[in-house]
């Protein structure tokens with residue numbers, strides 16, 4: 011027991027250093043953590059890690075995510091039972107969404123098709139989610155067709171989480187110039203770290219490391235500015251974008 015307590019501070023110190031590297035934090039923290047044992051680690055926890063925890067979802071929402079990812083069948087069984095007992099649009103839609111979230115793409119597509127009938131045949135949420143399920147099945151052309159139907163309803167992308175499926179489909183079925191134009195268009199519209207992450211990743215895969223590095227550096231500068239200004243931002247996606255530097259260096 012004494013041995014564990016003796017090495018615990020060093021384990022925490024090591025964990026903090028690893029966290030700096032993995033999340034792309036300012037490397038100055040490494041020297042602070044190493045040369046100011048205890049104090050450096052505590053300062054890092056307070057300045058870098060705790061703000062992330064404060065912006066995360068509530069405990070109830072977190073436990074819901076755990077149920078969905080670790081025990082998807084239990085939640086699916088519950089929603090399936092509810093949909094069978096009360097086959098309302100909302101209950102069946104909730105089941106389809108859970109199938110999608112749990113990776114059961116075939117079941118999700120089948121349910122979305124059943125929902126997209128009658129006066130709900132152009133339901134934007136169902137069309138968007140169906141496109142995601144088709145993408146998960148690597149049926150990219152069908153996914154693109156579904157996105158086209160969605161856009162013909164007058165749907166306007168208001169969040170990056172909505173437009174990402176269009177961008178990811180473009181990577182597979184459009185030429186690189188067209189995919190680049192789409193990414194640039196929505197980068198400007200949303201100023202999103204998440205879109206920057208996927209665009210930089212795509213560029214790295216295409217061998218355009220120079221342009222990718224430019225996007226990563228821009229994201230790093232923006233992140234550092236927002237952090238100093240104490241402005242809330244997508245810390246998770248900012249860090250993931252900066253961490254892509256490791257892929258370029260390989």
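Numbering (the working numbering), first residue to last: 11 to 260.
Virtual Cβ for every residue (Gly too), placed ideally from N, Cα, C.
Could you give the first and the last residue of the continuous alpha helix (DSSP H) run that contains residue 146? 134 to 146
With H, G and I counted as helix, E and B as strand and the rest as coil, what does DSSP make of residue 176? helix
Cβ of residue 159 within 8 Å of Cβ of residue 177? no
Tell me whether residue 249 is buried or exposed, calling it buried when 16 or more other Cβ atoms sit within 10 Å of its Cβ. buried
Which of the three DSSP states, helix, strand or coil, is assigned to residue 184? coil
Out of curiosity, what's the CA-to-CA distance linking residue 23 and residue 247? 24 Å
I'd like to check one pair, residue 254 with residue 214: are the Cβ atoms closer than 8 Å? yes
Could you check the C-alpha separation between residue 168 and residue 49 for me, to the nearest Å? 43 Å
Would you call the CB atoms of residue 101 and residue 92 closer than 8 Å? yes
Selected residue, minimal CA-CA separation from residue 256, among 145, 223, 161 and 124: 223
What did DSSP end up calling residue 113 once you bin it into helix, strand or coil? coil
Between residue 158 and the ligand ZN, is there a pair consisting of the residue's CB and a ligand heavy atom that are separated by less than 7 Å? In the structure on display, the ligand ZN does not appear, and there are no ligands present to speak of.
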